Amino acid sequence: GNDEDDEDVSRFIPPSQDENDDLAPGLQALAYSLAEIAVRRKQRTARTYVPTPSSSSDYKDDLARTLVHEDDVYEWAEQVGPMFGSILPTFLHVIFFPNKPTPPSRTSFEYPRISQESAIFKGGNSTFLFSFGCMSAALGGEFYRLYTSASDGLSFNRLQNALLGYGGPTLLIIQSGNSTFGAFTASPWKESKDFYGNHDCFLFRLLPEPVAVYRPTGQTSNFMYCNSFARSRGYDRQAHGIGFGGTVTQPRLFLAESFDNCQAGRDDLTFEKGPLLYSSGTIPTSGGNSSSFVIDTLEVWGVGGDEVVQESLQARSRSRDIRSAAIQKARKVDKAAFLDDFKNGVIESKAFAHRQQIQGRDGVACVDEEMMEK
């Protein structure tokens, strides 16, 4: 085949591994997630409880020895990788019908692509990209970096400026110690004292293994939250920053505006239960409901496919133009309109009322024209 065909097929071939690269943990974590679901399903079926291993390494050894049943794969695909089932049909379509579009009735698997530098994705062959591509159809195609702490710094103003007005889905990824986790949301960001968004969102953990995806439970709709201190000057007595799940005073996953005392909880009513953050030397069942963490790296990517990303960037540009125009307008004082407001009682002024009463009397000059000229 030609080079173009080779490029199309290569997206289905796992990148080469060696002992020194960091690509393998992504696929290993994804495999462990399937084994973990198999263990849990067997426990539910047998109605038995298997004692928790005493260490993280023992837990992973047990997962590695787990036999996976067909039903485990179905449950895993529904919970973690709903797009996994599209990989083989898409691969066969590319092989046998390379010049024909995918039928509208079928959702094709599109491998995520990045063309910008990233402190989290170690190149375009990062297996993290494959993991994300399996999680949602919106996570296929081109990723566009909106914010990275590596070059933008840990600045809430820059983070908020990158998000507000962006009209498409976003993927927020956090690295803290050995943990990599975050949130996907399909709704545009806005500043509000209330939660908003829709059910097309989830929390996730990539590392440590196994991969976990926590989708909405349907009990509440506290999906996403963006509330800065400047909006209310603190009078709302709510959490100030960016959050997902939980409540307005304690979101489940919370990035504080100061980036101090950020929180990653394991339980709330909006998303499924499970840990986002593991402590060193512990295993998935350890820890309380909420754990604080320090951000080592934070990145936000615009996702949803090439067309969606471009339209969303244009929407953000328009939003910025509108905000900029509003600020400029607020800085300019129209003296004529100001006087007109006085005359029509928009701005109450006893002094102006008194001047109107004495206007025209002997010794009183007409000052309207003088003020207009100044």
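Going by this note's numbering, 785 is the number at position 330 of the sequence shown; the sequence numbering is gapless. Glycine included, each C-beta is placed from N, C-alpha and C at the ideal position. Please read these numbers as outputs of a predicted model, since none were measured by experiment.
Per-residue burial, residue i [other beta carbons within 10 Å of its own, 16 or more giving buried]
| i | result |
| --- | --- |
| residue 522 | exposed |
| residue 545 | buried |
| residue 662 | buried |
| residue 636 | buried |
| residue 674 | exposed |
| residue 547 | exposed |
| residue 704 | exposed |
| residue 490 | buried |
| residue 783 | exposed |
| residue 543 | exposed |
| residue 698 | buried |
| residue 551 | exposed |
| residue 785 | exposed |
| residue 769 | exposed |
| residue 647 | exposed |
| residue 604 | buried |
| residue 719 | buried |
| residue 771 | buried |
Beta-carbon contacts of residue i that lie in its chain and below 6 angstroms, excluding the five residues immediately before and after
| i | result |
| --- | --- |
| residue 723 | 700, 701 and 707 |
| residue 482 | 582 |
| residue 653 | 642 |
| residue 596 | 565, 760 and 761 |
| residue 560 | none |
| residue 600 | 571 and 756 |
| residue 613 | 607 |
Cβ pair residue i, residue j closer than 9 angstroms
| i | j | result |
| --- | --- | --- |
| residue 628 | residue 756 | yes |
| residue 484 | residue 665 | yes |
| residue 695 | residue 683 | yes |
| residue 721 | residue 710 | no |
| residue 602 | residue 617 | yes |
| residue 611 | residue 626 | no |
| residue 766 | residue 623 | yes |
| residue 598 | residue 758 | yes |
| residue 496 | residue 524 | yes |
DSSP beta-bridge partners of residue i
| i | result |
| --- | --- |
| residue 671 | 726 |
| residue 498 | DSSP lists no partner for residue 498. |
| residue 748 | 717 |
| residue 755 | 602 and 627 |
| residue 619 | 644 |
| residue 569 | 598 |
| residue 697 | 681 and 710 |
| residue 634 | 631 |
| residue 775 | Beta-bridge pairing links residue 775 to no other residue. |
| residue 660 | 636 and 667 |
| residue 651 | 679 |
Reference residue i; option with closest CA among the options
| i | options | result |
| --- | --- | --- |
| residue 633 | 615, 654, 642 and 660 | 660 |
| residue 672 | 491, 570, 534 and 573 | 534 |
| residue 487 | 686, 703, 767 and 668 | 668 |
| residue 670 | 729, 491, 495 and 649 | 729 |
| residue 529 | 559, 493 and 550 | 493 |
| residue 527 | 640, 714, 554 and 498 | 498 |
| residue 572 | 770, 607 and 713 | 607 |
| residue 446 | 569, 585 and 657 | Given a span of 456 to 829 for the chain in the structure shown, any question on residue 446 remains unanswerable. |
| residue 406 | 764, 681 and 596 | With the chain running from 456 to 829 in the structure shown, residue 406 is simply not present. |
| residue 631 | 751, 578, 594 and 770 | 751 |
| residue 574 | 733, 754, 558 and 777 | 754 |
| residue 569 | 555, 594, 563 and 549 | 594 |
| residue 651 | 713, 686, 715 and 725 | 725 |
| residue 567 | 646, 587, 555 and 719 | 587 |
| residue 649 | 657, 613, 658 and 686 | 686 |
| residue 656 | 679, 647, 645 and 646 | 679 |
| residue 644 | 689, 500 and 774 | 774 |
| residue 577 | 609, 480, 562 and 556 | 480 |
| residue 609 | 714, 771 and 719 | 714 |
Contacting residues, own chain, Cβ-Cβ under 8 angstroms from residue i (five flanking each side not counted)
| i | result |
| --- | --- |
| residue 590 | 535, 536, 537, 538, 639, 657, 659 and 668 |
| residue 716 | 747 |
| residue 781 | none |
Own chain partners of residue i with C-beta closer than 7 angstroms, once the 5 adjacent residues on each side are dropped
| i | result |
| --- | --- |
| residue 690 | none |
| residue 712 | 611, 683, 684, 695 and 696 |
| residue 579 | 568 and 569 |
| residue 554 | none |
| residue 727 | 669, 670 and 672 |
| residue 749 | 631 |
| residue 693 | 648, 682, 703 and 704 |
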